[in-house]
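J.:
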Amino acid sequence: MKKKKKPAGLQKRKAISGYLFISPFIVGFLLFMVKPLFQSLYMSLSTVNVSTSGFQPVFNGIENYKKAFLIDPDFNRLLTEELGKMVVNTIAVLVFSFFVALILNQKFRGRAFVRAVFFLPVIISSGVILGVEYDNTLLAGLQETIQQSANSDTSITAAIENILVTSGVGSRVFETVFEVVDGIYDVAISSGIQILIFLSALQTISESMYEAADIEGCTAWESLWKITFPMISSMLLVNVVYTIVDFCMRTDSEVMEMITEQMTLYLDYGFSSAMAWIYFVIVGAAIGLCALFLSKVVYYYE
Amino acid sequence: MSKAAGKIKKNNNFWERNRMSEGYLLKKTVMGICVRIIRAFLLFGMCFLILQPILNKLSISLMKESDLYNPLVVNVPLHVTAANYQLAADFMGYGKAFMNTLFISLSIAFLQIAVCTLVGYGFARFKFPLKNFWFACVLLMIVIPPQTVATSLHLHFRFFDILGIFKATTGSTLNLRGSVLPYYMMSAGCMGLKNGLYIFLIRQFFRNIPFELEEAAYVDGCGTLRTFFSIMLPDAKPILTSCFLFAFVWQWTDGFYSSMFLGNVELLSIQLTRIADRLGQYFQNVLKIQGGASIGYTNCIVATGTLMVIAPLLILYLFVQKGFVESLSSSGIKM
Numbered sequence: 001m002k003k004k005k006k007p008a009g010l011q012k013r014k015a016i017s018g019y020l021f022i023s024p025f026i027v028g029f030l031l032f033m034v035k036p037l038f039q040s041l042y043m044s045l046s047t048v049n050v051s052t053s054g055f056q057p058v059f060n061g062i063e064n065y066k067k068a069f070l071i072d073p074d075f076n077r078l079l080t081e082e083l084g085k086m087v088v089n090t091i092a093v094l095v096f097s098f099f100v101a102l103i104l105n106q107k108f109r110g111r112a113f114v115r116a117v118f119f120l121p122v123i124i125s126s127g128v129i130l131g132v133e134y135d136n137t138l139l140a141g142l143q144e145t146i147q148q149s150a151n152s153d154t155s156i157t158a159a160i161e162n163i164l165v166t167s168g169v170g171s172r173v174f175e176t177v178f179e180v181v182d183g184i185y186d187v188a189i190s191s192g193i194q195i196l197i198f199l200s201a202l203q204t205i206s207e208s209m210y211e212a213a214d215i216e217g218c219t220a221w222e223s224l225w226k227i228t229f230p231m232i233s234s235m236l237l238v239n240v241v242y243t244i245v246d247f248c249m250r251t252d253s254e255v256m257e258m259i260t261e262q263m264t265l266y267l268d269y270g271f272s273s274a275m276a277w278i279y280f281v282i283v284g285a286a287i288g289l290c291a292l293f294l295s296k297v298v299y300y301y302e
Numbered sequence: 001m002s003k004a005a006g007k008i009k010k011n012n013n014f015w016e017r018n019r020m021s022e023g024y025l026l027k028k029t030v031m032g033i034c035v036r037i038i039r040a041f042l043l044f045g046m047c048f049l050i051l052q053p054i055l056n057k058l059s060i061s062l063m064k065e066s067d068l069y070n071p072l073v074v075n076v077p078l079h080v081t082a083a084n085y086q087l088a089a090d091f092m093g094y095g096k097a098f099m100n101t102l103f104i105s106l107s108i109a110f111l112q113i114a115v116c117t118l119v120g121y122g123f124a125r126f127k128f129p130l131k132n133f134w135f136a137c138v139l140l141m142i143v144i145p146p147q148t149v150a151t152s153l154h155l156h157f158r159f160f161d162i163l164g165i166f167k168a169t170t171g172s173t174l175n176l177r178g179s180v181l182p183y184y185m186m187s188a189g190c191m192g193l194k195n196g197l198y199i200f201l202i203r204q205f206f207r208n209i210p211f212e213l214e215e216a217a218y219v220d221g222c223g224t225l226r227t228f229f230s231i232m233l234p235d236a237k238p239i240l241t242s243c244f245l246f247a248f249v250w251q252w253t254d255g256f257y258s259s260m261f262l263g264n265v266e267l268l269s270i271q272l273t274r275i276a277d278r279l280g281q282y283f284q285n286v287l288k289i290q291g292g293a294s295i296g297y298t299n300c301i302v303a304t305g306t307l308m309v310i311a312p313l314l315i316l317y318l319f320v321q322k323g324f325v326e327s328l329s330s331s332g333i334k335m
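Just so you know, the sequences run in chain order L and F.
For the first sequence, this note's numbering begins at 1 and goes up steadily by one.
For the second sequence, this note's numbering begins at 1 and goes up steadily by one.
Below is the structure:
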């Protein structure tokens, strides 16, 4: 460019300015993501000695990975628990946010207020505030005492739970559902963004489709599954990915806490990186599987 | 059918119209009322579910310690007191921490959104080789947990150096742990909290602006930069406000990056996590009470502190609720 031979073509100039626009990202990505990523991969394969002059990783093969899977007593258990919770949570959040979005898309008095309330958790239950509420083991103890003193067996939910469990049909499934219902607060506060995404998708569906279906004698229930669901299925994929990422990256997840603890408390950088990599690969695989499976189901209009 | 009947005889009452539609009108009206009642119940329940913890914290924070153990006091405090707020403010160093948090959140949010806008615009409106590859990198960045790279970033900034310049001149590397500089550098490189998400959203927005607008500007002799600043940016105001608010709020409550890179700055989010310990120490060392503060009272002070941290955000949310919700949903997130 500087030699001023002749002005470069428009395509080339646009390509250059495109690169200039995204250059901050490229620099940041290489410096603060790629380099540390490779470094942590290398560290996970070695023992790291930290001294005041610097840090020397000494290569030791897959020792750290062996330690994570075979020696450490907690890691396997925490990992499987976390993945199980992830599956249940993702399904719960998706179902919840889908139906809430359906309701919020209708017209009724006070809709703006209700929308504001549902979106409130995104603002206030993020980051450290969630951690404070749940880190408080003392509080949990207090709650238990309160629950014991108020004999909770007489509540309606407990009675229904009893009937359903003793009915003998798939009690394992029921138990999972009860867990979700008991934890409805967690589901509600972690589905703000998902509701919003579904809502914006619902608003793009043209009214005439429903009218046509109505005239042809389609019931509301049928048009929900035949029109609404396919039309927003592409957003389903986005939401699944977002939910999984959001759930696994929250700082108060037990695996995350273990990784941070190993690093900051015990200064065992190698082991901590190895665990982080295992976690990342597994979560990435889960997202990939979901995306692969869902992209077969998703219907693209246009 | 009922509509047609209604038009013919306007003064027909409801039952007559119902008879003419063979019971359809009654069925429809009853169904409509039922749906509205059920919906109202559901919405009330769920709104209460979300608001209850905040209301609960509010009532607890106004109670005296004796009220906490009084079984007759459930939600409305018997002795209203502001002493808890005073105590929590002292433990957190509220005034100073508030100013620090405000400054850091504002500057970080501004920097992040400025850079993300540039990058998002670049991805949306230019064709260049390897574009898809770089965009895949953005998506990858959203998915990689920051904890994976945290370890080596931690060491990277502990022994910081640019191409060995510092090592050569002063003989040792720079220790940037505990200073705010690393986080600003990361933000300038789009590697802050959830920056991939902002890039993604901003790109989606810019993609939907018609190309004719841009071409007209080019034909009229606008350069690339001028087109960006005077044609594109004013259009993107709603999405940029949204992203800015998110960046601000999430930075405000963030614990991970703050404790990782801003450990020495007194921030509200960090102070909040330490409030319980400080209360215990205060009880043991100043009031000389063995065993520290009681469970209930610790809980009460933590609730008060949490309220004080989110109060500015709540007030902000009340005023710019539209900026958070409406503009994001109207921007139309499309894949």
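Beta carbons are placed, not taken as given, at the ideal position from N, Cα and C, and that holds for glycine.
Keep in mind it's a predicted model, so treat the numbers as computed, not measured.
Residues of chain A with CB under 7 Å from S152/F, in chain order?
T.: Absent from the structure is chain A; the protein chains it does hold are L and F.
J.: Could you compute how far the alpha carbon of M185/F sits from the alpha carbon of M231/L?
T.: Each residue's Cα considered, the two are about 42 Å apart.
J.: I want to verify the contact list: residues of chain L whose CB lies under 8 Å from the CB of K28/F, in sequence order.
T.: Here the premise fails: no neighbours, minimum Cβ distance about 12 Å.
J.: Can the beta-carbon of F200/F be found closer than 9 Å to that of I239/F?
T.: Their beta carbons are not under 9 Å apart, which means F200/F does not touch I239/F by this criterion.
J.: Who pairs with Q56/L in a beta bridge, going by DSSP?
T.: Answer by DSSP bridge pairing, in chain order: N49/L.
J.: Alpha carbon to alpha carbon, what distance is there between L155/F and E65/F?
T.: Rounded to the nearest angstrom, the two C-alpha atoms are 45 Å apart.
J.: Would you call A303/F buried or exposed, if buried means 16 or more other Cβ atoms sit within 10 Å of its Cβ?
T.: Flag for A303/F reads buried.
J.: Go ahead and pull the three-state DSSP assignment for Q281/F.
T.: Three-state DSSP puts Q281/F in a helix.
J.: List the residues of chain F whose Cβ lies closer than 7 Å to the Cβ of A285/L, in chain order.
T.: Going along chain F, no residue has its Cβ under 7 Å from A285/L, so there is no contact; the nearest lies around 11 Å.
J.: Take the Cβ of D67/F as the centre, count every other Cβ of all protein chains shown within 10 Å, and call the residue buried at 16 or more, exposed below.
T.: Burial call: buried.
J.: Note down, in chain order, every chain F residue with its Cβ under 7 Å from the Cβ of G217/L.
T.: Within chain F, no residue comes near G217/L; the closest Cβ sits about 14 Å away, beyond 7 Å.
J.: So, helix, strand or coil for F44/F, using DSSP?
T.: In the structure shown, F44/F sits in a helix (DSSP, three-state: H, G or I).
J.: Ordered along the chain, which non-local residues of its own chain (more than five positions away) have a Cβ less than 8 Å from that of E214/F?
T.: Hits under 8 Å: R125, T227, I231, M232.
J.: Does the contact criterion of 3 or more C-beta pairs under 8 Å hold for the stretch 275–284 of chain L versus the stretch 113–120 of chain L?
T.: The stretch 275–284 of chain L is not in contact with the stretch 113–120 of chain L.
J.: Determine the direct distance from the alpha carbon of S97/L to that of E81/L, and round the result to whole angstroms.
T.: About 24 Å.
J.: Span of the alpha helix (DSSP H) holding E266/F?
T.: Here E266/F belongs to no alpha helix (DSSP H), and DSSP marks it neither H nor E.
J.: In the DSSP assignment, find the unbroken alpha helix (DSSP H) run with G9/L in it and report its ends.
T.: Neither: G9/L is in no alpha helix (DSSP H) and is coded neither H nor E.
J.: Does the distance from the CB of I336/F to the CB of A247/F come in under 9 Å?
T.: This structure cannot settle anything about residue 336/F, because the visible part of chain F is limited to 1 through 335.
J.: Whole angstroms is fine: what's the gap from S295/L's alpha carbon to I287/L's?
T.: Their backbone Cα atoms lie some 12 Å apart in a straight line.
J.: If we count the other Cβ atoms within 10 Å of its Cβ and call it buried at 16 or more, is R278/F buried or exposed?
T.: Buried is the call here.
J.: Starting from I315/F, find everything on chain L with Cβ-Cβ shorter than 8 Å and list it in chain order.
T.: In chain order: nothing, as chain L lies at least about 11 Å away.
J.: Kindly indicate the opening and closing residues of the alpha helix (DSSP H) around C243/F.
T.: Here the alpha helix (DSSP H) through C243/F covers 237–253.
J.: Kindly list, in the order they appear in chain F, the residues whose Cβ is closer than 7 Å to that of Y19/L.
T.: Residues of chain F passing the Cβ test: F128.
J.: Among P129/F, Q290/F, L316/F, I60/F, whose alpha-carbon lies nearest the alpha-carbon of L78/F?
T.: Measuring from the Cα of L78/F, the nearest candidate turns out to be I60/F.
J.: Would you check if the distance between the CB atom of N100/F and the CB atom of L272/F is smaller than 9 Å?
T.: The answer is no: Cβ separation not under 9 Å.
J.: On the premise that D246/L lies in contact with S190/L, defined as a C-beta separation below 8 Å, what is that separation, rounded to the nearest angstrom?
T.: With 8 Å as the limit, S190/L and D246/L qualify as a contact, their Cβ atoms being about 7 Å apart.
J.: When you compare only the Cα positions, how much space is there between L345/F and G32/F?
T.: Residue 345/F lies beyond the residue range present for chain F, which begins at 1 and ends at 335; the question has no answer from this structure.
J.: With a threshold of 9 Å between beta-carbons, can F280/L be considered close to chain F, or not?
T.: Yes, contact with chain F.
J.: For the alpha helix (DSSP H) that contains G223/F, what are its first and last residues?
T.: G223/F -> no alpha helix (DSSP H), and no H or E assigned at all.
J.: Return the residues of the stretch 257–282 of chain L that lie within a Cβ-Cβ distance of less than 8 Å from chain F, sorted by chain order.
T.: So the close ones are I259, T260, M263, Y269, S272, S273, A276, W277, Y279, F280.
J.: Closer than 8 Å by beta-carbon distance: list the chain L residues that pair up with T101/F, in chain order.
T.: Under the 8 Å cutoff, chain L gives no residues; its nearest Cβ is about 11 Å from T101/F.
J.: Using a Cβ-Cβ cut-off of 7 Å (strictly less than) and excluding sequence neighbours within five positions of V238/L, which residues of its own chain qualify?
T.: Hits under 7 Å: I197.
J.: Taking 9 Å as the CB-CB cut-off, is F303/L touching chain F?
T.: Within the shown structure, residues of chain L are numbered from 1 to 302, placing residue 303/L beyond reach of any answer.
J.: Which residues of chain L have a Cβ atom closer than 7 Å to the Cβ of F121/F, listed in chain order?
T.: The question names Phe, but residue 121/F in the sequence shown is Tyr. Within chain L, the residues near Y121/F are F21.
J.: By alpha-carbon positions, which one of M235/L, Y266/L, I22/L, V177/L ends up nearest to I205/L?
T.: If we check each option's Cα against that of I205/L, M235/L comes out closest.
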